[in-house]
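K.L.:
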Amino acid sequence: MNIKELQQLVLEFRNVRDWKQFHNPKDLATAISIESWELQEHFLWKSQADSYDLAKKQDVADELADIFNYILLFADSADIDLEKALLEKMSKNDKKYPISKAKWKSDKYNQL
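Under our numbering, the first residue of the sequence shown carries the number 701, and numbering increases by one thereafter.
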(Lines of atoms letter the chains of each structure in order from A and count residues from 1; the text may use other names and numbers.)
(Lines give C-alpha, C1' and ligand atoms only; values in the text may rest on other atoms or scores of the structure.)
Protein backbone atom coordinates (compact mmCIF):
# COMPACT_ATOMS: atom_id res chain seq x y z
CA MET A 1 0.00 0.00 0.00
CA ASN A 2 1.13 3.54 -0.66
CA ILE A 3 0.61 6.53 1.64
CA LYS A 4 -2.68 7.57 0.04
CA GLU A 5 -4.07 4.04 0.34
CA LEU A 6 -3.02 3.81 3.98
CA GLN A 7 -4.58 7.20 4.64
CA GLN A 8 -7.82 6.05 3.02
CA LEU A 9 -7.84 2.94 5.23
CA VAL A 10 -7.42 5.09 8.36
CA LEU A 11 -10.09 7.55 7.19
CA GLU A 12 -12.58 4.75 6.52
CA PHE A 13 -11.93 3.33 10.01
CA ARG A 14 -12.58 6.78 11.47
CA ASN A 15 -15.58 7.62 9.34
CA VAL A 16 -17.62 4.48 10.03
CA ARG A 17 -17.26 5.30 13.74
CA ASP A 18 -18.28 8.95 13.26
CA TRP A 19 -15.08 10.20 14.85
CA LYS A 20 -14.35 12.95 12.31
CA GLN A 21 -16.08 15.42 14.63
CA PHE A 22 -13.24 14.92 17.13
CA HIS A 23 -10.43 15.31 14.60
CA ASN A 24 -9.11 18.84 14.22
CA PRO A 25 -5.48 19.93 13.81
CA LYS A 26 -5.11 21.00 17.47
CA ASP A 27 -6.36 17.73 18.95
CA LEU A 28 -4.59 15.57 16.39
CA ALA A 29 -1.29 17.40 17.03
CA THR A 30 -1.80 16.73 20.73
CA ALA A 31 -2.52 13.07 20.01
CA ILE A 32 0.70 12.81 17.98
CA SER A 33 2.63 14.28 20.90
CA ILE A 34 1.05 11.91 23.42
CA GLU A 35 1.67 8.86 21.26
CA SER A 36 5.27 10.03 20.73
CA TRP A 37 5.72 10.14 24.48
CA GLU A 38 4.33 6.59 24.74
CA LEU A 39 7.04 5.56 22.27
CA GLN A 40 9.69 7.37 24.33
CA GLU A 41 8.56 5.55 27.48
CA HIS A 42 9.94 2.31 26.02
CA PHE A 43 13.42 3.86 25.99
CA LEU A 44 13.43 6.10 29.06
CA TRP A 45 16.28 5.24 31.45
CA LYS A 46 17.44 2.37 29.25
CA SER A 47 20.95 1.87 27.99
CA GLN A 48 21.61 2.13 24.28
CA ALA A 49 21.99 -1.67 24.17
CA ASP A 50 18.66 -2.15 25.96
CA SER A 51 16.95 0.08 23.42
CA TYR A 52 17.32 -2.74 20.89
CA ASP A 53 15.42 -5.24 23.08
CA LEU A 54 13.58 -7.45 20.60
CA ALA A 55 11.06 -8.44 23.28
CA LYS A 56 9.70 -4.88 23.07
CA LYS A 57 9.73 -4.72 19.27
CA GLN A 58 5.98 -5.32 18.87
CA ASP A 59 5.15 -2.72 21.54
CA VAL A 60 7.40 -0.20 19.79
CA ALA A 61 5.84 -1.08 16.42
CA ASP A 62 2.38 -0.50 17.89
CA GLU A 63 3.39 2.95 19.14
CA LEU A 64 4.88 3.86 15.76
CA ALA A 65 1.66 2.72 14.09
CA ASP A 66 -0.36 4.91 16.49
CA ILE A 67 1.83 7.91 15.64
CA PHE A 68 1.55 7.23 11.91
CA ASN A 69 -2.22 6.83 12.23
CA TYR A 70 -2.52 10.27 13.80
CA ILE A 71 -0.14 11.79 11.25
CA LEU A 72 -2.37 10.50 8.46
CA LEU A 73 -5.45 11.90 10.18
CA PHE A 74 -3.73 15.25 10.83
CA ALA A 75 -2.69 15.53 7.19
CA ASP A 76 -6.28 14.96 6.11
CA SER A 77 -7.61 17.48 8.64
CA ALA A 78 -5.06 20.12 7.58
CA ASP A 79 -5.37 19.30 3.85
CA ILE A 80 -1.69 18.38 3.53
CA ASP A 81 -0.48 15.98 0.86
CA LEU A 82 2.03 13.95 2.88
CA GLU A 83 3.84 12.50 -0.10
CA LYS A 84 4.35 15.96 -1.60
CA ALA A 85 5.30 17.46 1.78
CA LEU A 86 7.90 14.77 2.44
CA LEU A 87 9.44 15.06 -1.01
CA GLU A 88 9.64 18.86 -0.68
CA LYS A 89 11.19 18.58 2.79
CA MET A 90 13.75 16.04 1.59
CA SER A 91 14.73 18.45 -1.18
CA LYS A 92 15.18 21.24 1.38
CA ASN A 93 17.20 18.93 3.63
CA ASP A 94 19.40 17.93 0.70
CA LYS A 95 20.33 21.60 0.27
CA LYS A 96 20.76 22.23 4.01
CA TYR A 97 22.89 19.13 4.52
CA PRO A 98 25.05 18.58 1.43
CA ILE A 99 26.95 15.31 1.56
CA SER A 100 30.26 17.12 1.18
CA LYS A 101 29.67 19.00 4.45
CA ALA A 102 27.35 16.77 6.45
CA LYS A 103 28.68 13.23 5.98
CA TRP A 104 29.70 11.68 9.32
CA LYS A 105 28.63 14.81 11.21
CA SER A 106 25.65 15.41 13.47
CA ASP A 107 25.99 19.20 13.45
CA LYS A 108 22.99 21.38 12.73
CA TYR A 109 22.94 22.75 9.17
CA ASN A 110 23.97 26.27 10.26
CA GLN A 111 27.07 24.85 11.98
CA LEU A 112 28.45 22.85 9.06
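For each residue, glycine too, the CB sits at the ideal point set by N, CA and C.
With burial defined as no fewer than 16 other Cβ atoms inside 10 Å of the residue's Cβ, what is the status of Asn-702: buried or exposed?
P.N.:
As a first step, residue 702 is located in the sequence shown; it is residue number 2 there, counting from the start. Exposed is the call here.
K.L.:
For Asp-718, name the three-state secondary structure that DSSP assigns.
P.N.:
Looking up residue 718 in the sequence shown gives position 18. DSSP places Asp-718 in coil when its eight states are reduced to three.
K.L.:
Let's see if you can read the secondary structure: which residues bound the alpha helix (DSSP H) around Phe-774?
P.N.:
Working through the sequence shown from its first residue, we reach residue 774 at position 74. Counting along the chain, the alpha helix (DSSP H) containing Phe-774 begins and ends at 757-777.
K.L.:
Could you tell me whether the Cβ atoms of Ser-800 and Asn-724 are closer together than 8 Å?
P.N.:
By one-based count along the sequence shown, residue 800 stands at place 100. By one-based count along the sequence shown, residue 724 stands at place 24. Not a contact, by the Cβ cut-off of 8 Å.
K.L.:
Express the C-alpha separation of Met-790 and Asp-753 in angstroms, rounding to a whole number.
P.N.:
Mapped onto the sequence shown, residue 753 falls at position 53. Mapped onto the sequence shown, residue 790 falls at position 90. Their backbone Cα atoms lie some 30 Å apart in a straight line.
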